[in-house]
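Asker:
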Amino acid sequence: MKFSIPKSCLYILVFFSHGILSAQETPNFVFGNITAADFSRPVEISDSGASAIILADIGKTYFERGRNGLYMEMVFTRFERVKVLSKTGFDVAKYEIGLNNAANGKVEYITEIKGKTFNLVNGVVQETPLDPSAIFEDNFNKYVQVKKFTMPALQEGSIYDITYTIRTLFINIRSWQFQSKYPCKWS
339 MKFSIPKSCL
349 YILVFFSHGI
359 LSAQETPNFV
369 FGNITAADFS
379 RPVEISDSGA
389 SAIILADIGK
399 TYFERGRNGL
409 YMEMVFTRFE
419 RVKVLSKTGF
429 DVAKYEIGLN
439 NAANGKVEYI
449 TEIKGKTFNL
459 VNGVVQETPL
469 DPSAIFEDNF
479 NKYVQVKKFT
489 MPALQEGSIY
499 DITYTIRTLF
509 INIRSWQFQS
519 KYPCKWS
């Protein structure tokens, strides 16, 4: 016995699935694009006691030709937008990015770290960029180096953006957490 689906049912299924699939598009977050309206926009969170909320945490991994032109490098970029709701949420702005090293030199390296903190003062958005001299390197051991920094000018209600790019010659897919200590709206 052979089972078949009528073409009309198939068309209906495809038509309705389009609406479901298109609802999964990535929101368009642009680094540093913060307006005064962003500070008054209500933030819907499931944890009413949260002291910070991650509005967006977007990562992307891809491959491209390396600096020397001979090898392919894996490139990982990350963008985060965070809103600090209270002083107890200031620790969300402390970053430690681990980079793997090898005996013959660096295996992973950061090509870019950018950050900006935004505060609303008398209806005007003020931005404070992350100072590159405030980014520190710490050798955890001979195989791991850690880049450390804290976002500047934090206040209750601050919104900040952070982005960085890590390159490596080895396939070293970064782990990903969809939720952590603070609720995340988009990951």
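When you read off a place in the sequence shown, starting at 1, and then add 338, the result is the number in our numbering.
Glycine residues also receive a C-beta, built at the ideal position from the N, C-alpha and C atoms.
Which class does Phe414 belong to by DSSP, given the choice of helix, strand or coil?
Answerer: In this structure, Phe414 counts as strand in the three-state DSSP scheme.
Asker: Tell me whether Lys454 is buried or exposed, calling it buried when 16 or more other Cβ atoms sit within 10 Å of its Cβ.
Answerer: Per the 10 Å Cβ criterion, buried.
Asker: How many Å lie between Ser424 and Val459 at the Cα?
Answerer: Roughly 17 angstroms between the two C-alpha positions.
Asker: Check whether the region 432 to 439 and the region 499 to 512 touch, using three or more Cβ-Cβ pairs below 8 angstroms as the test.
Answerer: Touching, yes.
Asker: Cβ atoms of Phe367 and Phe414: under 8 angstroms apart, would you say?
Answerer: No.
Asker: Leaving out five residues before and five after Asn457 in sequence, what residues of the same chain have Cβ atoms less than 6 angstroms from its Cβ?
Answerer: If we look at Asn457 and ignore the five residues flanking it on each side, its Cβ neighbours are Gln464, Gln493 and Ser496.
Asker: Taking only runs that begin and end inside the region 420 to 507, name each unbroken beta strand (DSSP E) of 3 or more residues, in chain order.
Answerer: Runs of the beta strand (DSSP E) inside the region 420 to 507: 432 to 440, 446 to 459, 462 to 467, 474 to 479, 482 to 488 and 497 to 506.
Asker: For Gly397, which beta-bridge partners are listed by DSSP?
Answerer: Arg416.
Asker: Going along the chain, which residues of its own chain have a beta-carbon closer than 6 angstroms to the beta-carbon of Ala431, five neighbours each way excluded?
Answerer: These residues qualify, in order along the chain: Thr488, Met489 and Leu492.
Asker: State yes or no: is the C-beta of Cys522 within less than 8 angstroms of the C-beta of Asp429?
Answerer: Result no, Cβ atoms of Cys522 and Asp429 do not sit closer than 8 angstroms.
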